[in-house]
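J.: In this note's numbering, the protein residues as written are 36 to 308. Where a beta carbon is used, it is the ideal one built from N, C-alpha and C, also for glycine. All of these numbers come straight from a predicted model, not from anything done at the bench.
1. Considering residue 173, what are the terminal residues of the alpha helix (DSSP H) in which it resides?
2. Is the separation between the beta-carbon of residue 235 and that of residue 264 shorter than 8 Å?
3. Do the CB positions of residue 280 and residue 219 come within less than 8 Å of each other?
4. On the CB-based measure, 16 or more other CB atoms within 10 Å of its CB, does residue 195 come out buried or exposed?
5. Output the boundary residues of the alpha helix (DSSP H) element that contains residue 141.
6. Which stretch, first to last residue, makes up the beta strand (DSSP E) that contains residue 68?
7. Quick one: give me the first and last residue of the beta strand (DSSP E) that residue 116 is part of.
8. Indicate the three-state DSSP secondary structure (helix, strand or coil) for residue 293 in the structure shown.
9. Output the distance between the C-alpha atoms of residue 36 and residue 61, rounded to the nearest integer angstrom.
10. Within 8 Å, do at least three Cβ pairs link the region 197 to 215 to the region 133 to 144?
11. List the endpoints of the continuous alpha helix (DSSP H) containing residue 303.
12. Could you work out which residue in 47, 57, 161 is closest to residue 67 when comparing CA atoms only?
13. Is the region 283 to 299 touching the region 155 to 166, taking contact as three or more C-beta pairs under 8 Å?
14. Taking the alpha-carbon of residue 286 as reference, which of 262, 229, 299 has the nearest alpha-carbon?
15. Terminal residues of the continuous alpha helix (DSSP H) containing residue 58?
16. At the level of alpha carbons, what is the spacing between residue 188 and residue 175?
17. In the DSSP assignment, what residue or residues form a beta bridge with residue 234?
18. Please classify residue 187: does DSSP put it in a helix, a strand, or coil?
19. Buried or exposed for residue 172, going by 16 or more other Cβ atoms inside 10 Å?
20. Applying the criterion that 16 or more other CB atoms from any shown protein chain within 10 Å of the CB defines a buried residue, is residue 106 buried or exposed?
21. Look up residue 40 in the DSSP assignment and say whether it is helix, strand or coil.
22. Assign residue 306 to one of two classes, buried (16 or more other C-beta atoms within 10 Å of its C-beta) or exposed (fewer than that).
23. Does DSSP classify residue 288 as helix, strand or coil?
24. Which one or two residues does DSSP pair with residue 160 in a beta bridge?
25. On a Cα-Cα basis, can you pick out the residue from 233, 240, 269, 276 that is closest to residue 300?
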C-alpha cells in the first residue's frame, strides 16, 4: 500500500473545515484544534462526508504541542500541505492570548514544519488584512521576521503594545507575513514552499463576534466603502489555500495573497484622511 498524502489543517472552525473539504479528498486530513469537543464535532462531520480524518488536540501556543503535531503528520504519511487557520481575534481575546497564539504560535508552526519539510510540501499560514495596517519601523519588522520564536514575546515592539488588543492583533498578523517571507529561504532549500493568505472580513463565528464588538460597525462600513458590499466566505479562502498548496503555484513562495474584497487597497488609496 502506498504512503498516504497528508494534509494538516489547524483550526476546526468554518475556515479550517472549508479547507479540509476543498483539498482533503483522497488524502489523510490531520485536523488540529485546541478544544476537544469542537474538534470531535468537525472530525465526525467530515468523516460522515467520506473524508479520512484524524483529529489531534493541539495548543498552537505551546511549542511542544505544535512539534508533536508535525511528528504526527509524518507518522500518518507524507505531508504535502499544511494550512494554519487557527487563531484568536482582537474582539474576543486578551493581548496576552493574541500574542501567544497568533504571534508565537504561528512562529512555532513555521519552525516545526520546516524541520520536517519534504520536497513538494506547501505551507500556508492564514494571516489577516490587518497586517497591512501595521506601521512599523524596518528594525521592528526585521526583529519580528527573524528573531528566534521563543524570543518574540520579549521584543520591544511587542512589550510596548500595552493593553490594546487591536494593536496586538495588527502586529501579530504583520509578523506572520514577514516571518513567512523570511522563512521561504529555508523552505526552498528543502524543496518546499511557504506563503500567507490575508483574508478580509470572512463569514465565520469569529467574524460574527468581531461584528458585535466596538469596532464592528466600522469594519462592516468598510465593506461598503471599498465597493465589495459583502463579507467573504470560508469557501473563498479555501480556494486560495487550494491554489497555494496545489501544482499551479510551484513558483510562488515567501509572499502574501490578499483575499479581502479590495479593503486594503481602499484603505491605502481612498480612505478619507
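T.: According to the structure shown:
1. Taking the first residue of the chain shown as position 1, residue 173 is located at position 138. Secondary structure note for residue 173: its alpha helix (DSSP H) is the uninterrupted segment 173 to 181.
2. Here residue 235 refers to the residue found at position 200 of the chain shown. Here residue 264 refers to the residue found at position 229 of the chain shown. No, these two residues do not count as a Cβ contact at 8 Å.
3. Taking the chain shown and counting its residues from 1, one reaches residue 280 at position 245. Taking the chain shown and counting its residues from 1, one reaches residue 219 at position 184. For residue 280 and residue 219, no; Cβs fall outside 8 Å.
4. Your numbering for residue 195 matches position 160 in the chain shown. Residue 195 comes out exposed.
5. Along the chain shown, one-based indexing puts residue 141 at 106. Unbroken alpha helix (DSSP H) run through residue 141: 141 to 150.
6. Within the chain shown, residue 68 is the residue found at index 33, counting from 1. Its beta strand (DSSP E) spans residues 63 to 68.
7. By one-based count along the chain shown, residue 116 stands at place 81. Residue 116 -> beta strand (DSSP E) spans 113 to 119.
8. Stepping through the chain shown from its first residue, residue 293 is reached at position 258. Of the three classes helix, strand and coil, the one that applies to residue 293 here is strand, per DSSP.
9. Numbered from its first residue, the chain shown carries residue 36 at position 1. Numbered from its first residue, the chain shown carries residue 61 at position 26. Residue placement at residue 36 is flagged as unreliable, the pLDDT there being 39, under the threshold of 50; a coordinate-derived value is accordingly withheld.
10. yes
11. For the purposes of this step, residue 303 is identified with residue 268 of the chain shown, where counting begins at 1. That run of the alpha helix (DSSP H) goes 298 to 304.
12. In the chain shown, counting from the first residue as 1, residue 67 sits at position 32. Of the candidates 47, 57, 161, the one whose C-alpha sits nearest the C-alpha of residue 67 is 47.
13. Enough Cβ pairs lie closer than 8 Å, so yes.
14. Translated into the one-based positions of the chain shown, residue 286 becomes position 251. Checked all of 262, 229, 299; the closest Cα to residue 286 is 229.
15. As a position in the chain shown, residue 58 is number 23, starting the count at 1. Element bounds for residue 58: 49 to 58.
16. To locate residue 188, count along the chain shown from 1; it is residue 153. To locate residue 175, count along the chain shown from 1; it is residue 140. Looking at the backbone, the Cα of residue 188 and that of residue 175 are separated by about 13 Å.
17. On the chain shown, residue 234 is found 199 positions in, with the first residue counted as 1. Answer is 294.
18. Here the question's residue 187 lines up with position 152 in the chain shown. If DSSP states are grouped into helix, strand and coil, residue 187 belongs with the helices.
19. As a working note, residue 172 is residue 137 in the chain shown. By the neighbour-count rule (16 or more Cβ atoms within 10 Å), residue 172 is not buried but exposed.
20. Position 71 of the chain shown, counted from the first residue, corresponds to residue 106. Looking at its Cβ environment, which holds fewer than 16 other Cβ atoms inside 10 Å, residue 106 is exposed.
21. Your numbering for residue 40 matches position 5 in the chain shown. DSSP places residue 40 in strand when its eight states are reduced to three.
22. Counting from one through the chain shown, the residue named residue 306 turns up at place 271. Label assigned to residue 306: exposed.
23. If you number the chain shown from 1, residue 288 lands on position 253. Here residue 288 sits in coil by DSSP.
24. Locating residue 160 in the chain shown gives position 125, where the first residue counts as 1. In the DSSP output, where bridge partners are listed per residue, residue 160 has 119, 231.
25. Position 265 of the chain shown, counted from the start, is the residue given in the question as residue 300. Ranking the options by Cα distance to residue 300, first place goes to 233.
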